[in-house]
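Protein chains in written order, with our numbering: chain A, 1 to 319; chain B, 1001 to 1548.
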Amino acid sequence: MTAVAVPAARTRARAARPALVRLGTSVMVLWGAVTVAFAGLHLTPGNVVDLLIGSSTVTPEVRARIVADYGLDRPLVVQYLTYLGRVLHGDLGQSYQLHQPVASAIGAQVGSSVQLMLSSFTLAVVVSVTVAVLTAGRRWARAVFSGIELVGVSIPSFWAGILLLTVFSFGLGLFPATGGDGPESLVLPSVAMAIPVVATLSQVLREGLELTLEEPFVLTARSRGMSDLGVRLRHALRHALIPAVTLAGWLVSYLFGGAVIIESVFSRQGIGRLTLAAVVNKDLPVVMGVVLIASLLYVVINILLDLLYLAVDPRLRGA
Amino acid sequence: MSRSRLLPAGLSLFLLLTLAACGTRGEKSAAAGAAGPVKGGTLTFAVNTEPSTCLDPHQSPADVAGLFTRPALDSLVSLDAEGRIHPWLATKWTVSPDQKTYTFTLREGVKFSDGTPFDAAAVKANLDHIVAPATKSQLAAGYIEPYKGSEVTGPLTVKVHFGRPYSPFLSALATAYFGIESPRSLKQPQDALCKKVVGSGPFVIDEYVQQKSITYHRNPGYDWAPEGAGHTGPAYLDKLEIKVITEDSVRLGALTSGQVDGIASVPPVNVKQVRADPRLTVTTRQAPGGNYNYYPNTTSGPFADKRVREAFRDGIDFATIVRNLYFGAFQPAASPISPSTDGYDRTLEGRTEYDPAAAGRLLDEAGWSGRDAEGYRTKDGRRLTIRWGFLKAAAREQRDTLAEQIQAEAKKIGFDVQFVAGTVNEWLERYPKGDYDLVDFSWQRADGDTLRNLFGTSSIPTAAKFGQNAARLSDKDVDGWLSDALDTTDQAKRAELYAKVQQRVTGEAAVFPVYVFTYLLGASRKAHGIGWEPQAYPTFYDAWVEQA
């Protein structure tokens, strides 16, 4: 019994160590992100109470009240430690500007952003896989689509958004100009957001496909009488996916940043506009809440990507 | 330095002057033809900004909170375009001989939409709520600084006491910032009021969703419209929705494609296009209060010399630049306050003239007679540099383009204008210290007392107290006239005093008036009866839409 159990435990320990290291670094990433955000916002000139009051004329009593309510009279270190302590208890604090807890401010906006990101991500993957599979190694189609992709990567999403609105909403009246009501309002923002993603992703996929299609095993597969499309889908695509999966890390940050622009153009609710307003107004608790959520998402996505590599490439599983 | 409100506009100078007086009504009723108002339907209006920090106008620093809550809130009195006060929730009022106490008799039978009856205690609860430190009021409380307290003298009579005579009280009371909220609703925590406000108005707020819209439904029992409204009884519309569309071109597209019935802030460049569309109209209203002006720092730097200030004002053709940039949509300003402000001095129009040669002579006299290699004027080897606290991030209505054109024009007469504001935070530290030569902003307020905000010694900004006297002007005569104007409710006397202030500050060149802020409202011809409130925000009580 014991002779069998010991190696099993050892294997488990060996498997657990990287997982623990991973967990440790993830926590460090989150702590680092929050600390940098806190430092950044406090090191920029100007103080928070001036910003809270802005150009309004308030009596000294109101000013004192604001300072006391937000604990702005305490030393920076105390404010920082208090914040960290609260975050550990799952409390993101109270927004300076929005008169509500940060968690509920983010909670109210996150759904609409996630909807947008998921739909544009799905759209981008479907379109770019289709385009890449159909055009890889085919001279004319390749040339045409490369041109289109170059344009797609180059145009600013702000402009693309306005163009889509002008044609499909103001002109043809097919979709509403403002977002948030039903699935039809999700179409144009998703397309606008997916354009640069499609353009990049399909280039990377096609490149991978073309390299793979020259491999000897493809010739073997063809010689077995497999159809061209079958070869591309069953064999080549899997190889081409590895670099594309790596790109997904970049994608998440793009979608987060792109949300700021797309949500503004399409008057959608969402994290992007919330963040923009919070940064402009120096609404510290909200900015730090968003930073925390974004870095959490980053950590989770990277862990998922590692797992995805294993799923896509069986050769990595033994390692 | 600019208020959170955006107010672009657009129309030729001609139309603007004639229309400002008669407002929307004439144009609208002509379009309505014989078919009278229709009951029912929904009106959707799109605005460019929202009071995202707080909906409650008692607390909110955002003046657009007034637009969002006006449909749901009534005031004690109303103010018309000529500056006259009319009864609303108060049927009559008297002012004590020492001008320190106002006694209001209230309307009977008014109910808030939560069922609470309106009475004298409700008025006291509202005024006390506005000034309570816990409310942290950033706008409303500033309008009744000398407020001492309210006294309920009967179920429907209330006395309001002030520490000194305070004549702007009634016009402040007419704004939505003094809208009467249900006392039961006021008992909630402040944060809850920022989401929902309950009043006795013609509409009831359903829900305010930040970054999206606010929706209302009709208050069926409404029967206390202000004197001068287009009708009595409940509002015509079943529902009202105000959408937030911040992007100018998208808001305009939503209007031209019929997705909304009206929009705020038609971009000046598009006014012609909207007017040419047979399905649409553009109406305008000049906002009361301080125009969009530039204020020179009269206490330090080159502008401490009056001759240099005059040279800057007369050596640059402000009027032509404004007309060209805004396609005639905004009237070039002549006084620090707008023509729609009570007490505006019309005689100032056309008094200053563009005269670069005279400006050059003034600068020579002031000692700025040298020229350096780049063509800027110098004095004792120092260049004539103007440090302008211009906040690019807060610029709207192409004020940044305007500033650059002014900079280029100033160069021609030898001024080196530099933008120095930095970020909002940096600027907020710099401004109270007077560390600048020039500042620009507009300041809306429906009363001539605006002049006290802009030029009173007491509103010179300091580290302890933010203020709007950016020129840092301290003039005993001006202070005296402003104080005298507070002491009297006689409109003619006040106008005379405010005229003196305007003449003095323009004579001293303590302000460079730029343009008159004008609200530009684009609407479908199927939408009728959109009115205006004192702060030049649209109102929807009389509004109705033609059913398809």
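Beta carbons: idealized from backbone N, C-alpha and C, even for Gly.
- Residue state for T1246/B is assigned as coil, using DSSP reduced to three classes.
- Separation of T130/A and A194/A (C-alpha to C-alpha, rounded to the nearest whole angstrom) is 14 Å.
- In this structure, the alpha-carbon of V231/A lies about 9 Å from that of L219/A.
- For P156/A, there is no enclosing alpha helix (DSSP H), as DSSP gives it neither H nor E.
- H99/A sits in coil when the DSSP states are folded into three classes, being neither helix nor strand.
- Annotation: Cβ neighbours of D50/A in chain B (cutoff 8 Å, chain order): N1425, L1428, E1429.
- Judged by DSSP in its simplified three-state form, T1352/B adopts coil rather than helix or strand.
- Under the three-state reduction of DSSP output, N1126/B falls in the helix class.
- Here the C-alpha atom of H235/A lies approximately 35 Å from the C-alpha atom of L23/A.
- Of the candidates E1546/B, A1492/B, K1392/B, K1392/B places its Cα closest to the Cα of V1424/B.
- For V252/A, the enclosing alpha helix (DSSP H) stretches over residues 237-265.
- Under the DSSP definition of a beta bridge, R1377/B partners with R1371/B.
- When Cβ-Cβ separations below 8 Å define contact, G1370/B makes no contact with chain A.
- A Cβ-Cβ contact shorter than 8 Å links V153/A with T200/A.
- Within the stretch 1218-1291 of chain B, the runs of beta strand (DSSP E) at least 3 residues long that lie entirely inside it are, in chain order, 1239-1244, 1280-1286.
- For the 8 Å CB-CB criterion, S1524/B and L1280/B form a contact.
- DSSP lists K1243/B, I1263/B as the bridge partner or partners of A1046/B.
- The beta-carbon separation of R1309/B and F1318/B, rounded to 13 Å, does not stay under the 8 Å limit for a contact.
- DSSP places Y1344/B outside any beta strand (DSSP E), giving it a letter other than H or E.
- For G1149/B, the enclosing beta strand (DSSP E) begins and ends at 1147-1154.
- Chain order gives the chain B residues near R65/A as P1133, A1134, K1136, where near means a beta carbon separation below 9 Å.
- Look at the stretch 94-115 of chain A: the residues with a C-beta under 8 Å from a C-beta of chain B are Q97, L98, H99, Q100, A108, Q109.
- Each of M288/A, P189/A, S119/A, Y96/A was checked against the Cα of K1136/B, and the nearest Cα belongs to Y96/A.
- Under a criterion of Cβ atoms nearer than 9 Å, no residue of chain A is adjacent to V1308/B; the nearest Cβ is some 27 Å distant.
- At least one C-beta of chain B is nearer than 8 Å to the C-beta of Q269/A.
- Interface criterion not met: the Cβ of F175/A is under 8 Å from no Cβ in chain B.
- The beta carbon of I261/A does not come within 8 Å of any beta carbon belonging to chain B, so the residue lies off that interface.
- Interface annotation for the stretch 208-228 of chain A against chain B: empty, criterion Cβ-Cβ distance under 9 Å.
- The Cβ neighbour count for N1469/B, taken over all protein chains shown within 10 Å, is at least 16; the residue is labelled buried.
- Under DSSP, W1532/B forms a beta bridge with P1538/B.
- Of the candidates Y1177/B, F1118/B, V1160/B, the residue whose Cα lies closest to the Cα of V1064/B is Y1177/B.
- For the stretch 147-178 of chain A, residues whose beta-carbon sits nearer than 8 Å to a beta-carbon of chain B comprise I162, L165, T166, S169, F170, G171, G173, P176, A177, T178.
- The alpha-carbon separation between S1458/B and F256/A amounts to approximately 47 Å.
- Spanning the alpha carbons of V1095/B and D91/A requires a straight line of approximately 52 Å.
- In this structure, the beta-carbon distance from S1335/B to A1287/B does not fall below 8 Å.
- Secondary structure at S1524/B: strand, using DSSP grouped into helix, strand and coil.
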